[in-house]
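One structure is given here, and the rest of the page talks about it.
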């Protein structure tokens, strides 16, 4: 097994373990691809016309590099925790 695949699997397992234990995980940049379940930020959901359901808690935190420099960050929620905006 090559090192890249090994790191990918280790990160996916770490994220899964955090979710099973109810602990938030932290990822950066393209590590979003390693999350084994569909997640999104509030901003992405708002663009799709969705809002968080009552009592929804973030499952993780994502930070990424902006094209113009600097970093952005946001909490990640399970996709099933959103509903259509009324």
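In this note's numbering, the protein residues as written are 223 to 308. Beta carbons: idealized from backbone N, C-alpha and C, even for Gly.
Residues that DSSP places opposite residue 293 in a beta bridge: Counting from 1 along the chain shown, the entry for residue 293 is found at position 71. Per DSSP, 287.
Cβ contact check for the segment 246 to 257 and the segment 273 to 290: 3 or more pairs under 8 Å: yes
Reduced DSSP category for residue 301 - H, G, I as helix; E, B as strand; rest coil: Working through the chain shown from its first residue, we reach residue 301 at position 79. In the structure shown, residue 301 sits in a helix (DSSP, three-state: H, G or I).
Cutoff 8 Å: residue 271 Cβ touching any chain D Cβ: Of the chains in the structure shown, none is chain D; there is only one protein chain.
Proximity of residue 235 and residue 257 at Cβ, strictly below 8 Å: For the purposes of this step, residue 235 is taken as residue 13 along the chain shown, with counting starting at 1. For the purposes of this step, residue 257 is taken as residue 35 along the chain shown, with counting starting at 1. Taking 8 Å as the Cβ cut-off, residue 235 and residue 257 do not qualify as a contacting pair.
Residue burial classification, residue 262 (beta-carbon count within 10 angstroms, cutoff 16): Residue mapping note: residue 262 aligns to position 40 of the chain shown, counting from 1. Classification of residue 262: buried, given that the 10 Å Cβ count is 16 or more.
Residue 238 - containing alpha helix (DSSP H), residue span: Taking the first residue of the chain shown as position 1, residue 238 is located at position 16. It spans 225 to 243 - the alpha helix (DSSP H) in which residue 238 sits, taken as one unbroken run.
For residue 240 and residue 230, the rounded distance between their alpha carbons: Position 8 of the chain shown, counted from the first residue, corresponds to residue 230. Position 18 of the chain shown, counted from the first residue, corresponds to residue 240. So the alpha carbons of these two residues sit roughly 16 Å apart.
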